[in-house]
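A.B. asks: Top to bottom, those sequences are chains A and B.
The numbering of the first sequence is the numbering used here, which starts it at 75 and goes up by one.
The numbering of the second sequence is the numbering used here, which starts it at 8 and goes up by one.
Pasting a structure here, questions to come.
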Amino acid sequence: MVSINYYLGLAIILFTIGALGVLIRRNAIIIFMSIELMLNAANLVFVAYARYWHAMSGQIFVFFIMTVAAAEVAIGLALIVAIFRSKASIDVDQINTLKG
Amino acid sequence: MSLQLFLFLVLALVAITSALGMLINRNAIYSALFLVLNFATVAIFFLLLNAPFIAVAQVSVYAGAIMVLFLFVIMLLGAERTGQTQSIPWQRPLAIALAIILLLEAGFILLGQQGVVPFINVELPSGFGSPAQVGTELFTNYLLPFEITSVLLLVAIIGAIVLTKNEKK
């Protein structure tokens with residue numbers, strides 16, 4: 075059986091890549107995908123600890139995270155479509171109408 | 008090297024490479040497809056960790072429903088290629104430096120905790136992580152949160168419809 079530290083290390087790397095994606099990409103859809111990647115890294119940690127402590131609650135939490143992520147994506151993509159309609163762009167640098 | 012460790016290392020390589028591919032690729036459709044590959048490898052990790060129900064949910068909900076929604080929106084908007092508009096010149100190096108700091112901090116904590124998580128050498132109870140056990144947990148100990156998520160999904164459906172509705176003037 076693989077040690078839990080390997081799974082934690084992998085989750086750390088995936089989370090960092092997701093955070094990097096949020097910071098350097100300007101396309102709103104890619105930023106959304108990076109957020110999904112970070113949620114997925116957190117899910118991996120939950121399931122790894124559920125396996126090592128023999129606790130089902132970790133897997134139940136992953137189930138809830140998945141439903142919240144699905145709701146978040148539905149709303150977020152609807153927002154992106156609405157922004158694209160009014161500004162014809164999904165570049166987050168262009169969305170600065172309220173800037174003083 | 009045991010078979011599980013070999014499988015883990017190969018899959019970890021695929022997962023990290025596909026995540027980086029998602030990050031680097033200029034075309035949003037390729038990015039979405041790389042992310043599907045990443046979700047599929049994570050689903051196999053869930054299988055290795057005795058979570059078959061979560062693994063199937065990962066494939067059907069994440070790699071299936073959510074990514075189809077992403078691809079649909081990308082193609083609907085025709086926004087697969089956006090021009091590179093870097094209005095802040097120091098943003099990229101600063102972001103990479105911050106990401107490296109995050110990686111080092113988390114790695115330092117992980118190495119510092121070596122041995123804190125004991126290796127539990129007890130056999131898993133049979134049926135651990137099976138759909139039956141997940142369902143029993145959901146409908147006994149977690150009934151109220153489960154019902155709240157159904158309301159949350161309803162709110163998301165209504166919100167998405169309201170946001171994308173064409174307003175007739």
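Ideal Cβ positions, reconstructed from N, Cα and C, are used throughout, including at glycine.
1. Rounded to the nearest angstrom, how far is the Cβ of leucine 56(B) from that of isoleucine 86(A), given a contact under 8 Å?
2. In chain B, which residues lie less than 9 Å from alanine 143(A) when you measure between Cβ atoms?
3. Could one say the Cβ of isoleucine 31(B) lies closer than 7 Å to chain A's Cβ atoms, at least one of them?
4. Taking leucine 161(B) and phenylalanine 153(B) to be in contact with their CB atoms under 8 Å, please state how far apart those CB atoms are, rounded to whole angstroms.
5. What residues from chain B crowd round valine 136(A), counting only those whose CB sits closer than 9 Å?
6. Anything in chain B within Cβ reach of valine 147(A), meaning under 8 Å, just list it in chain order.
7. Count the CB pairs spanning the region 154-174 of chain A and the region 13-21 of chain B that are closer than 8 Å, and state whether there are at least three.
8. Step through the CB atoms of chain A and report whether any lies within less than 7 Å of the CB of tyrosine 149(B).
9. Under 7 Å between beta-carbons, which chain B residues line up against valine 121(A)? List them in chain order, please.
10. Where does asparagine 34(B) sit, in a helix, a strand or coil, going by DSSP?
11. Rounded C-beta distance between leucine 111(A) and leucine 76(B)? I'm assuming under 8 Å.
12. Starting from arginine 125(A), trace the alpha helix (DSSP H) in both directions and tell me its first and last residue.
13. Can you name the start and end residues of the alpha helix (DSSP H) that valine 158(B) belongs to?
14. Among all the DSSP beta bridges, which residues are the ones paired with aspartate 165(A)?
15. Using a beta-carbon distance cut-off of less than 7 Å, what residues from the region 108-120 of chain B approach chain A?
16. Give the interface partners of methionine 112(A) over in chain B, defined as CB-CB distance under 7 Å, in chain order.
17. Leaving out the 5 sequence neighbours to the left and right, which residues in its chain are closer than 8 Å to isoleucine 139(A) when beta-carbon positions are compared?
18. I'd like to know whether the C-beta of glycine 166(B) is nearer than 7 Å to at least one C-beta of chain A.
19. Whose C-beta lies closer than 8 Å to the C-beta of isoleucine 105(A) among residues of the same chain, with five residues either side of it excluded?
20. What residues from chain B crowd round threonine 171(A), counting only those whose CB sits closer than 7 Å?
21. Alpha carbon to alpha carbon, how far is tyrosine 81(A) from leucine 117(B)? Give it in angstroms, no decimals.
22. In three-state terms, what does DSSP make of serine 67(B)?
23. Going by Cα to Cα distance, which pick from Ala129(A), Ile78(A), Gly83(A), Ile149(A) is closest to alanine 163(B)?
24. Report the neighbours of alanine 156(A) on chain B: residues whose CB is nearer than 9 Å to its CB, in chain order.
25. Excluding the 5 residues flanking alanine 39(B) on each side, which residues of the same chain have their C-beta closer than 7 Å to its C-beta?
26. Does proline 138(B) come out as helix, strand or coil in the three-state DSSP assignment?
27. Quick one: Cα of leucine 105(B) to Cα of isoleucine 154(A), how far?
C.D. replies: If we stick to the structure as given:
1. At roughly 17 Å, the Cβ-Cβ gap does not stay under 8 Å, so leucine 56(B) and isoleucine 86(A) are not in contact.
2. Val68, Tyr69, Ile73
3. no
4. Not really, about 13 Å apart at Cβ, beyond 8 Å.
5. Phe53, Ala58, Ile61, Ala64, Gln65
6. Ile73, Leu76, Phe77
7. no
8. Put simply, the CB of tyrosine 149(B) is near chain A, with a gap under 7 Å to one of its CB atoms.
9. Phe53, Leu56, Ala58, Ile61
10. coil
11. About 16 Å; that fails the 8 Å criterion.
12. 102-127
13. 150-171
14. Asn101(A)
15. Leu109, Leu110, Ala113, Gly114, Leu117
16. Going along chain B, no residue has its Cβ under 7 Å from methionine 112(A), so there is no contact; the nearest lies around 10 Å.
17. Leu113, Ala116, Asn117, Phe120
18. yes
19. The answer, listed in chain order, is Gly95, Val96, Arg99, Val166.
20. Simply none; closest approach about 15 Å.
21. 11 Å
22. DSSP places serine 67(B) in helix when its eight states are reduced to three.
23. The candidate whose alpha carbon is nearest that of alanine 163(B) is Ile149(A).
24. Leu170, Thr171
25. Met74, Phe77, Leu78, Ile81
26. Here proline 138(B) sits in helix by DSSP.
27. Going by C-alpha positions, leucine 105(B) is about 27 Å away from isoleucine 154(A).
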